[in-house]
Amino acid sequence: MVDSTLVLAAGLASIALQVVAVYYVIAIYRYNRLAYAWLALAVASAIMVVRRVTALGKIEAVFPAAAETLRLLDTIILPLTISVCLVIGYYSMKRRFETFEIVEKTTSEKAAKMVLTRSKRRKA
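Below, the structure is given as C-alpha cells:
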C-alpha cells in the first residue's frame with residue numbers, strides 16, 4: 028500500500044502544478060486578445076484544480092461528513108464540466124485556425140498577384 032504522506036505530497040504537487048497551468052492559460056488568454064476559446068480552457072483548468080482538491084480530500088478523508096458529496100463532485104460533476112469547457116475551447120480554436128488558413132491563402136494569392144503586376148510594370 029502507498030504511504031499516506033506520499034499520496035498527500037503527490038496530491039499537493041499536482042495541485043500546485045495545475046495552478047501554474049491555470050496561470051499560463053490565463054496569460055495566453057490575455058495575449059490572444061481575450062479569445063473565448065482560451066477562456067474556456069482557463070475555466071476548465073481552474074475546475075481541474077478544484078477536482079484535484081476534492082480528489083485529495085476524498086483520498087485523505089479530510090471531510091468525512093462530505094464524503095458522498097466529494098465523490099459525486101469528483102466522479103461526475105467536475106469531469107463533465109471540464110469536458111464541456113475543453114470541447115468548447117478546442118472547437119473555437121479549430122475554427123480560428125481554419126480562419127487563419129483561409130486568410131493565409133488569400134494573402135498569399137494577393138501577394139503573388141502583386142508581384143506579377145509589378146514585374147509586368149517594370150517590363151513595360
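All residue numbers for the sequence shown refer to the numbering used here, where the first residue is 28 and numbers rise by one.
Quick reminder that beta carbons are idealized off the backbone N, C-alpha and C, glycines included.
Asp101 counts as buried, since no fewer than 16 other beta carbons sit within 10 angstroms of its beta carbon. For Val47, the secondary structure class from DSSP, reduced to helix, strand or coil, is helix. The Cβ atoms of Ala64 and Met120 lie closer than 7 Å to each other. Membership of Ala73 in the alpha helix (DSSP H) is indicated by the continuous run 63-87. Nearest Cα to Gly38 within the set Ile104, Val77, Ala67: Val77. Contact check for Val52 and Ala36: beta-carbon distance about 25 Å, past the 8 Å limit, so the pair fails to qualify. Counting C-beta pairs with one atom in each stretch, the stretch 90-98 and the stretch 106-120 have fewer than three that are closer than 8 Å, which means they do not touch. Arg122 sits in a helix when the DSSP states are folded into three classes. The DSSP-derived three-state label of Arg149 is helix. For the pair Tyr58 and Leu66, the CB atoms are not nearer than the 7 Å cut-off.
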